[in-house]
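Residue numbers (this note's numbering), protein chains in the order written: chain A, 5 to 432; chain B, 5 to 432. Glycine residues also receive a C-beta, built at the ideal position from the N, C-alpha and C atoms. One structure is given here, and the rest of the page talks about it.
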């Protein structure tokens, strides 16, 4: 008998009919002889509606009370889901974050998990019940309700799976798995039967919206296998698993595009110790999320530093940059718009050379003309190029093709356990 | 410094604007130097909407999950109310039933209070905060959310006032106090500045909708003065207080009308021991609420028994009555429709005679002709007559006038502390 955590997101529980379907999935898993813990989000747009309600009351409400308010969204869904299971003849019990002992620190609206008192859930499982847990929420030491921030229900599911040492953590969502690239942009993108936590983490931070980075990181830390599946389709989806040596046979697992970036460049800054900290402290204080940072040391006394941000953040970041330069008493600010970032990700990069070169060649020889590379950034398992925004989608297709990631004829299904990955012998 | 519990019902917190007004009232009380605990209901029709949502999922949901679901309504309101207080510059904290230690038994949907851990609330009060508590809900020993049933927020307020030994429990509602009769029927009905718990209890069970019986009973038991006030008007309202000897100077405090009753009569039953229990067990099992029971013993071997029910319940009760008679093998069932009940209530009845007679005279000499009395029932402080439905409103006016309850010129205000009550010397 296995223990399975199943998580259903907001769009999967948006109405009574959809909740009944999720309950059916949990019921089927239980009837197959598994212990089942279900984690649910708030229904559809509930969280947004509650935020609007709070805005009607006060422009800047206390975060503790925001958490008290928002936690009701998931509490509604757990009760309804438990009712739907009961209607199927399956004994079930709903638990809020506090009731299941999901303990966090007191950082309201983005609390960190301290401990999960998993014995409370185990007691119900032993009694044969399906346990339905409210995602996104926990309880602080003083008994206050906390929330984990956006994407928090994924985090709840992975944390519970880790605490319960679950055999699988299934994330049911409105996509059917993780692809080698966004299928809307790259028509021959292929669904990956398997991907490592680390690769998934890079893809998530590059704009793949399947799961939030934080929950993947938690899964990586606690070695929780995460199974991304479509909530309405029977497909096997994608397993996010611990890296295994055979994964390195593939150079690149997937490619991703961040479609709309701007770049801020501070030039001719004094090259003093601590200057970077000073700059990015000011930017963080303005709540701007920086994408990549690129520093070029021009001379012993002079420094240029660039960073990219989402296009939408440019308006906020420009005045901050201007103020920094004014305070330093030297330098100037330049803003470039109309950029994007194409990236290739794969644990195979650790052990293979020539990948960067394959990527640059792909961009240089793209259909309809060469693509200009403005900046290059890399991590151990990722290589990214900043390029003109208008070239983004054809760059993605070119890189996807260059690493041989496209759909190919292959024997058998892509069921997990009989994994086939995209080897790229042509690029080695 | 006094400690005040203020309760705002669903219509008083129906939208953001109204919540801000309630917060303002609590803020004013706090600024006047009082410790303030606020109890709120779910916003407007929220509870009904949640019940509909549950019905969409399952026709007969488990009661534990109904409680988990319904409790979210009050949780939304406490968070918003605390936000509104915060926006006024008043430190405030919202607490669910579980968070404030409102412990109940495990009887879901109509839980009974076991204890209130009032030290949790006191700690926040000492820190200068207004404490906003979710009405209607508690927590069972196993940590499950419970609810107290309809009217539960009043019960929460009175129970907290009792536990905290509050100086006052203010019930803010959409009426401005308790009247000698329903002002829509009796134009010269007078607002009572003061009424005893026991009188209020009788009036509540006679159809006065100001407060639920259960909360008044709790106030009586713990000697909590309850102050019924309009949530939007500054009026003093009505104080529901412990009975004092001077209250007995008045014969009758108020009159009430139950407008639409039916009567079921079982005649010629065998006069056996336990027959009444057998009849009313069967009726209770059919979830029919019986109003009054009238038994006439006809002969040593033969029994007639009548009871009144709300007109709406007649359809449910008739088949039950038929089945009882069939099972007893003797007797017949007669149903009368088109009845109503007019009642007079007052603690003065304990020590004064002649009140029944005044009432019968009033009905016999009513304007537009005498009113036929079908049945009479009494309690220690109440006398009720079952009469034809079409005579109900003029009977109410006649009895109200006979006991001299109408609005009269009087010196000074009706402010609490300077109480004037309706003496009826003419009727003694």
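Counting along the chain, residue 73 of chain A sits inside the alpha helix (DSSP H) bounded by residues 67 to 91.
Within the stretch 270 to 331 of chain B, the runs of beta strand (DSSP E) that reach at least 3 residues and sit entirely inside it are, in chain order, 294 to 303, 306 to 314.
In the same chain as residue 140 of chain B, and ignoring 5 residues on each side of it, the C-beta atoms closer than 7 Å to its own belong to 45, 78, 151, 152, 156, 157, 160, in chain order. A check of alpha carbon separations from residue 406 of chain B across B:392, B:376, B:361, B:394 identifies B:361 as the nearest. In the three-state scheme derived from DSSP, where H, G and I count as helix and E and B as strand, residue 112 of chain B is classed as coil.
In the DSSP annotation of this structure, residue 227 of chain A is not part of any beta strand (DSSP E), being labelled neither H nor E. At a cut-off of 9 Å, the C-beta of residue 60 of chain B has a neighbouring C-beta in chain A. In terms of Cβ geometry, residue 261 of chain A and residue 345 of chain A form a close pair [threshold 9 Å]. Under the criterion of beta carbons closer than 8 Å, residue 268 of chain B and residue 214 of chain B do not qualify as touching, at roughly 29 Å. Proximity to residue 43 of chain B across B:97, B:274, B:358 peaks at B:97, based on C-alpha coordinates. Taking C-alpha positions only, residue 133 of chain A is separated from residue 38 of chain A by approximately 11 Å. One finds nothing in chain A with a Cβ atom closer than 9 Å to the Cβ of residue 300 of chain B; even the nearest lies about 48 Å away. Assignment of beta strand (DSSP E) within the stretch 340 to 386 of chain A, counting only whole runs of 3 or more residues, yields 379 to 383 in chain order. Contact of residue 282 of chain B with chain A is not assigned, every C-beta pair being separated by 9 Å or more. The Cβ atoms of residue 99 of chain A and residue 143 of chain A lie no closer than 9 Å to each other. What residue 24 of chain A touches in chain B, judged by beta-carbon distance under 8 Å, is 61, going in chain order.
Taking a Cβ-Cβ threshold of 8 Å, none of the residues of chain B is close to residue 277 of chain A; the smallest such distance is about 43 Å.
If you ignore the 5 residues before and after residue 194 of chain A, its C-beta comes within less than 6 Å of the C-beta of 184, 411, all in its own chain and listed in chain order. Not a single C-beta of chain B is nearer than 9 Å to the C-beta of residue 49 of chain A. In this structure, the straight-line span from the alpha carbon of residue 295 of chain A to that of residue 257 of chain A is close to 21 Å. Taken in chain order, the members of the stretch 65 to 82 of chain A whose beta-carbon sits within less than 9 Å of a beta-carbon on chain B are 65, 66, 68, 69, 70, 71, 72, 73, 74, 75, 76, 77, 79, 80, 82.
For residue 98 of chain B, the neighbours in chain A by C-beta distance under 7 Å run, in chain order, 69, 72.
At a cut-off of 9 Å between beta-carbon atoms, residue 28 of chain B makes no contact with chain A. The CB of residue 20 of chain A comes closer than 8 Å to the CB of 57, 60, 61 in chain B, given here in chain order. Distance from the CA atom of residue 50 of chain B to the CA atom of residue 15 of chain B, rounded to whole angstroms, is 10 Å.
The three-state reading of DSSP puts residue 243 of chain A in strand, counting E and B together.
Taking C-beta atoms as the reference points, residue 230 of chain A and residue 162 of chain A count as a pair closer than 9 Å.
Contact fails between the stretch 49 to 69 of chain B and the stretch 83 to 96 of chain B, because fewer than three Cβ pairs, one in each stretch, are under 8 Å apart. With 16 or more other Cβ atoms inside 10 Å of its own Cβ, residue 352 of chain B counts as buried.
Contact check between the stretch 360 to 376 of chain B and the stretch 384 to 393 of chain B: three or more CB pairs, one atom from each, fall below 8 Å, which counts as touching. From the beta-carbon of residue 90 of chain B, the residues of chain A found nearer than 8 Å are 62, 65, 66, 69. Assignment of beta-bridge partners to residue 10 of chain B by DSSP yields B:42, B:174.
Counted as a single uninterrupted DSSP element, the alpha helix (DSSP H) harbouring residue 29 of chain A occupies residues 20 to 35.
Only those residues of the stretch 102 to 113 of chain A whose C-beta falls short of 8 Å from the nearest C-beta of chain B are listed: 102, 103. Ranked by Cα distance from residue 375 of chain A, the first of A:280, A:404, A:399 is A:399. Contact between the stretch 173 to 182 of chain A and the stretch 231 to 248 of chain A is present, with at least three C-beta pairs closer than 8 Å.
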